[in-house]
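Heads up: the sequence shown runs through residues 15 to 434, numbered per my numbering.
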Amino acid sequence: MNTDRLIIEGGRRLGGRIRVQGAKNSVLPIMAATVMCRGESRIDNVPELSDVATAISILRHLGAKVTREGSTLLVDASCLSAWDIPDGLMREMRSSVFFLGAILAACGKCEMSYPGGCELGPRPIDLHLAALRELGADIVDEGGRLTASSEGMHAGTVHLAFPSVGATENVMLAACAVPGLTRICNAAREPEIVNLQEFLRAAGARIHGAGTSVIEIEGGRSLHPARVRVMPDRIVAATWLCAAAAAGGDLLVEEATEDTIATVCASLRRAGVRLEAEAGGIRIRSEGRLRGGEVIRTQPYPGFPTDAQAILMAAMCPGDGVTIFVENIFDSRFRHVSELVRMGAHIRTEGRTAVVCGVRRLCGCEVCACDLRAGAALVVAALAAEGKSSIFRLDHIDRGYENMVQLLSDAGASICRTRA
Ligand code: EPZ
Numbered sequence: 015m016n017t018d019r020l021i022i023e024g025g026r027r028l029g030g031r032i033r034v035q036g037a038k039n040s041v042l043p044i045m046a047a048t049v050m051c052r053g054e055s056r057i058d059n060v061p062e063l064s065d066v067a068t069a070i071s072i073l074r075h076l077g078a079k080v081t082r083e084g085s086t087l088l089v090d091a092s093c094l095s096a097w098d099i100p101d102g103l104m105r106e107m108r109s110s111v112f113f114l115g116a117i118l119a120a121c122g123k124c125e126m127s128y129p130g131g132c133e134l135g136p137r138p139i140d141l142h143l144a145a146l147r148e149l150g151a152d153i154v155d156e157g158g159r160l161t162a163s164s165e166g167m168h169a170g171t172v173h174l175a176f177p178s179v180g181a182t183e184n185v186m187l188a189a190c191a192v193p194g195l196t197r198i199c200n201a202a203r204e205p206e207i208v209n210l211q212e213f214l215r216a217a218g219a220r221i222h223g224a225g226t227s228v229i230e231i232e233g234g235r236s237l238h239p240a241r242v243r244v245m246p247d248r249i250v251a252a253t254w255l256c257a258a259a260a261a262g263g264d265l266l267v268e269e270a271t272e273d274t275i276a277t278v279c280a281s282l283r284r285a286g287v288r289l290e291a292e293a294g295g296i297r298i299r300s301e302g303r304l305r306g307g308e309v310i311r312t313q314p315y316p317g318f319p320t321d322a323q324a325i326l327m328a329a330m331c332p333g334d335g336v337t338i339f340v341e342n343i344f345d346s347r348f349r350h351v352s353e354l355v356r357m358g359a360h361i362r363t364e365g366r367t368a369v370v371c372g373v374r375r376l377c378g379c380e381v382c383a384c385d386l387r388a389g390a391a392l393v394v395a396a397l398a399a400e401g402k403s404s405i406f407r408l409d410h411i412d413r414g415y416e417n418m419v420q421l422l423s424d425a426g427a428s429i430c431r432t433r434a
């Protein structure tokens, strides 16, 4: 386990500019999709993240050649030699389950261990399996292992019981190799799915509708290598906006686009923050104390993103008034609450609801990053707090944030990373 710590001296306003990295939740399914292309694909704007490193290990295990040239990843999947994902790599990244659809499309079969629960609670994949089975996939699920074959797969219409991001991506990928028209109804509408569609179309797939609730794939065509640019990470953009909102300042968040985080921007404006589109990004001006009074309900896109719930909560803690958060997507996504309370926040939780009563100030202290976005929330809180904070379990933060210390230092924060 990583024993490094982030040491943050709070109370400093943020200024200047901060550039948003490529989106983790785009690049991962796009990397999976490259195994369907015979030849060398190029993915631009790839962030340096531990989840990306895990996906590279999976690609190399499958027999793909992967090289990195700066922020471009070259993946040559001409000669795949395996169709399984080793247990250790599945444990490292449970969201690897969307390799299932890509490997089925590329190899006709796939084996992987059941992606168990994680910090966010159980991570079931029943929607993935039901949809693929409705399309004729033979998936045996026993002893914690999945053994799948696409031999009997056929085109058709599947209705997702819930607009699951991963299940939508898995069916999109698998359906590319199935002759005929496959339709996904109640598909997830997240922008990352539009980015995946962009890559698939560049590779020759006949697919449209990503970003809407109905995605259609005319499958059966072999895919050729393609090039795509990973979209900016909208949750990282939300993180930097919430950091400046809470700490105060005048910051240009470069490559942030309001359309992909419209609900987060609306909440920040209602909390008293000024946001303007500027120079290909968003400029935020804040005096640091946010105004509460809202009920924030996480929803599938385009509703308020669950990944920004902890981050906005942290920004609302040192504010005025009461803000209520309702987490409707994951079963266990309030693990940041106890750590924020250690810093002096007033938060009460009951089931899926957390009630935040703004306090005059947070106080820096030692806190644990319990999951990726909880860790980001603690960084937001520490930047706004009085005094020094020490954040550990940075392995969680390293999964989704590239170069955080340098970026925040350049924006005026007092932050460093030490080996414990
Ligand atoms: C993706 O996870 C993201 N991860 C998550 O981001 C994000 O929070 C989530 O979508 C929701 O937007 C990646 O893209 C790599 P879901 P995913 O399937 O696909 C339940 C982050 O912080 N469900 O939309 O796993 C599930 O338990 C991560 O970057 C089933 O019940 O999310 C959850 O409660 C965290 N059965 C809800 O649906 C299934 O078969 C949403 O899950 C699948 C999901």
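Cβ coordinates follow ideal geometry from the N, Cα and C atoms, glycine included.
Here the structure is a predicted model, which is why all the values come from computation and not from measurement.
Item: Segments assigned alpha helix (DSSP H), at least 4 residues, entirely inside the stretch 241-265; Value: 248-261
Item: N- and C-terminal bounds of the beta strand (DSSP E) containing Ser300; Value: Gly295 to Ser300
Item: Identity of the residues DSSP links to Asp101 by a beta bridge; Value: In DSSP, Asp101 forms no bridge with anything.
Item: Touch test, the stretch 252-262 against the stretch 26-44, Cβ-Cβ under 8 Å, three pairs minimum; Value: yes
Item: Heavy atom of ligand 1 within 7 Å of Leu73 beta-carbon; Value: no
Item: Proximity below 8 Å, CB of Ala181 to CB of His142; Value: yes
Item: Host beta strand (DSSP E) of Ser428 (start-end); Value: Ser428 to Arg433
Item: Test item: CB-CB of Val309 and Val340 under 8 Å; Value: yes
Item: Straight-line Cα distance separating Arg197 from Ile221; Value: 10 Å
Item: Distance cut-off 7 Å: Asn39 Cβ against heavy atoms of ligand 1; Value: yes
Item: Residues sharing a beta bridge with Arg305, DSSP; Value: Asp334
Item: Unbroken beta strand (DSSP E) run spanning Ile398, endpoints; Value: Per the sequence shown, the amino acid found at residue 398 is Ala instead of Ile. No beta strand (DSSP E) contains Ala398, which is instead part of the alpha helix (DSSP H) from Leu386 to Ala398.
Item: Of the residues Ile411, Arg407, Leu397 and Gly414, the one placed nearest Ile429, counting alpha carbons only; Value: Leu397
Item: Cys379 versus Ala390: straight-line alpha-carbon distance, rounded; Value: 15 Å
Item: Neighbourhood of Leu94 by C-beta distance below 7 Å, restricted to the same chain and skipping five residues each side; Value: Val49, Leu76, Gly77, Ala78, Ala120 and Cys121
Item: Whole runs of the beta strand (DSSP E) within the stretch 66-126, excluding any shorter than 3 residues; Value: 79-83 and 86-90
Item: Contact test: Ile298 Cβ vs ligand 1 heavy atom, cutoff 7 Å; Value: no
Item: His410: CB within 7 Å of a non-hydrogen atom of ligand 1; Value: no
Item: Cβ shell of His410 (< 8 Å), same chain only, five flanking positions each side left out; Value: Glu133, Ala383, Cys384, Asp385, Leu386, Ala388 and Gly389
Item: Within 8 Å, strictly: CB atoms of Val179 and Ile207; Value: yes
Item: Beta-carbon proximity of Pro332 to Val373, cut-off 8 Å; Value: yes
Item: Cβ neighbour criterion (16 or more within 10 Å) applied to His360; Value: exposed
Item: Between the CA atoms of Arg375 and Ala201 - distance to the nearest angstrom; Value: 42 Å
Item: With 16 other Cβ atoms within 10 Å as the buried cut-off, status of Ser423; Value: exposed
Item: Near ligand 1: Ser127 beta-carbon under 7 Å from a heavy atom; Value: no
Item: Beta-carbon gap between Met327 and Val370 smaller than 8 Å; Value: yes
Item: Cβ neighbour criterion (16 or more within 10 Å) applied to Asp155; Value: exposed
Item: Selection from Val419, Arg407, Gln420 and Glu416 that minimises the alpha carbon distance to Asp436; Value: There is no way to answer for residue 436, as the model of the chain reaches only from 15 to 434.
Item: Ala162 and Cys124 closer than 8 Å at C-beta; Value: yes
Item: Distance cut-off 7 Å: Asp138 Cβ against heavy atoms of ligand 1; Value: The displayed chain sequence assigns Pro, not Asp, to residue 138. Pro138: yes, Cβ under 7 Å from ligand 1.
Item: Touching by the beta-carbon criterion (3+ pairs, under 8 Å), the stretch 244-256 and the stretch 37-45; Value: yes
Item: Candidates Arg347, Ala280 and Asp90: closest to Gly53 by CA position; Value: Asp90
Item: Simplified DSSP assignment, three categories, for Gly223; Value: coil
Item: Minimum C-alpha distance to Ala236 - residue among Glu230, Arg215 and Ala96; Value: Correcting the residue type first, residue 236 is Ser in the shown sequence and not Ala. Nearest of Glu230, Arg215 and Ala96 to Ser236, Cα basis: Arg215.
Item: Assigned secondary structure, Thr17 (DSSP; H/G/I helix, E/B strand, else coil); Value: coil
Item: Any C-beta of chain C under 8 Å from that of Asn59; Value: No chain C is part of this structure, which consists of one protein chain only.
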